[in-house]
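Take the sequence shown: its letter number 62 is residue 62 in UniProt numbering, and every next letter is one higher.
All C-beta atoms in this analysis are idealised placements derived from N, C-alpha and C, irrespective of residue type, glycine included.
See structure below.
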Amino acid sequence: MTEPTLTLVSGTGQLSMTHKEIAELVNSRPDSVKRTIERLAEKGVIRLPPMVVCGRINNLGKEQKESVYRFEGEQGRRDSIVVVAQLCPEFTALIVDRWQELEKKKQAQISATSASVQPNTVFHLNEGIAQIARVVAEATASATMKAMAEVITLPAYQTEPATPAYFSHAEGEYVPVSKAAWETGLSDSTCRKLIGFFKVPVRSNGGIRGLLVNLPEMKKAADKLLRESTAPAGKRKRWSHPQFGNFTYYADLI
């Protein structure tokens with residue numbers, strides 16, 4: 001997972017976020033996020049963001065060009081929240097945190113580089129941004145659910161109605177994902193995937209790096225995953241679940 005990045009659109013001073021950054025935030029595939037953006041734009045739920053070419057350094061230390069959708073400005077904030085609300089409702093508050101974190105970094109840059117800023121100038125975060133998720137979710141619920149029905153067939157055990165995990169008020173010990181991984185014998189990435197797969201309650205503690213997970217519920221989810229999975233056999237070293245996919249259970253290696 002890469003650290004949150006601050007991007008100022010040249011000449012505008014606007015913050016921006018790419019669809020690949022959103023994919024990292026919700027632990028989803030970039031191509032899945034891209035398809036969701038295009039589908040919602042086609043239905044008129046969001047405005048199709050501009051496609052830009054960005055450079056990144058690959059594992060070989062060479063620059064690699066790639067095309068990404070870039071959300072920017074207030075319209076971009078609103079539309080990116082809609083996209084996350086459809087992909088993983090439980091992570092909606094995390095993208096709000098991400099935008100606020102970028103806003104804070106922008107303000108810090110302005111304060112550090114602009115000597116003309118008055119000492120008593122106070123920059124305020126957009127206090128309405130936290131309400132955007134709720135307003136957008138209500139305004140686009142039918143459209144997003146219809147889009148989801150067209151492309152997703154939910155497993156039988158997920159058909160019971162449930163409150164989005166992020167907004168759950170479940171009691172219990174909340175710990176960093178890394179500790180939950182140690183307690184369950186699963187990897188950090190597998191635990192993060194479990195959060196969305198089994199709707200494990202989480203809390204935000206300062207962005208994606210500060211994600212806290214309900215430890216008792218995570219243990220239950222891990223046990224359920226193992227019960228529904230096929231253990232390694234022969235040359236196959238990883239566990240296999242029909243919907244979740246393959247994963248490593250490190251307790252087997254001890």
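Are the Cβ atoms of L226 and Y250 separated by less than 8 Å? no
Three Cβ pairs or more, each shorter than 8 Å: is that satisfied between the region 93 to 112 and the region 32 to 44? no
Nearest neighbour of V68, chosen from H241, K220, S178 and K20 [CA to CA]: K20
Tell me whether V122 is buried or exposed, calling it buried when 16 or more other Cβ atoms sit within 10 Å of its Cβ. Summary for V122: the model assigns pLDDT 41, below 50, so the residue's position carries little reliability; its value from the coordinates is reported in the next sentence. V122 is exposed by the Cβ-count criterion.
State the Cα-Cα distance for the pair Q64 and R56, rounded to the nearest angstrom. 5 Å
So L87 packs on V33, CB below 8 Å; how close in whole Å? 7 Å
Could you tell me the alpha carbon to alpha carbon distance between residue 261 and N27, rounded to whole angstroms? The structure shown does not extend to residue 261, since the chain spans only 1 to 254, so no value can be given for it.
Who are the near neighbours of L215 in its chain, counting only those whose CB is closer than 8 Å to its CB and skipping five residues on each side? G172, E173, Y174, V175, K179, A180 and E183
Tell me which residues share the same chain as T7 and place their Cβ nearer than 6 Å to its Cβ, disregarding the 5 neighbours each side in the sequence. Its pLDDT being 49, under 50, T7 is placed unreliably in this model, and the value from its coordinates should be taken loosely. Hits under 6 Å: S16.
Report the residue from R192, P242 and K62 whose alpha carbon sits nearest the alpha carbon of E24. R192
Does DSSP put Y174 in a helix, a strand or coil? strand
Around the C-beta of Q243, are 16 or more other C-beta atoms found within 10 angstroms, so that it is buried, or is it exposed? exposed
Can you tell me whether Q118 is buried or exposed, with buried defined as 16 or more other CB within 10 angstroms of its CB? Because Q118 sits at a pLDDT of 49, beneath the cut-off of 50, its placement in the model cannot be relied upon, and the following sentence gives the value as read from the coordinates. Exposed: under 16 other Cβ atoms inside 10 Å.
Would you report the Cα separation of L186 and N246, rounded to the nearest angstrom? 12 Å
Can you determine whether any heavy atom of the ligand SAH sits closer than 7 Å to the C-beta of V68, and answer yes or no? The model on display carries no ligand, and the ligand SAH is accordingly not part of it.
From A85 to R203, what distance separates their C-alpha atoms? 16 Å
Going by the CB atoms, is the gap between F198 and A221 shorter than 8 Å? yes
With Q14 as the anchor, note down where its alpha helix (DSSP H) starts and where it stops. Per DSSP, Q14 belongs to no alpha helix (DSSP H); it is in the beta strand (DSSP E), Q14 to T18.
What three-state label does DSSP hand V26 in the structure shown? coil
Could you compute how far the alpha carbon of T230 sits from the alpha carbon of V177? 24 Å
If you check the beta carbons only, do T36 and R70 fall under 8 Å apart? no
D223 versus R238, L194 and Q75, residue with shortest Cα-Cα distance: L194
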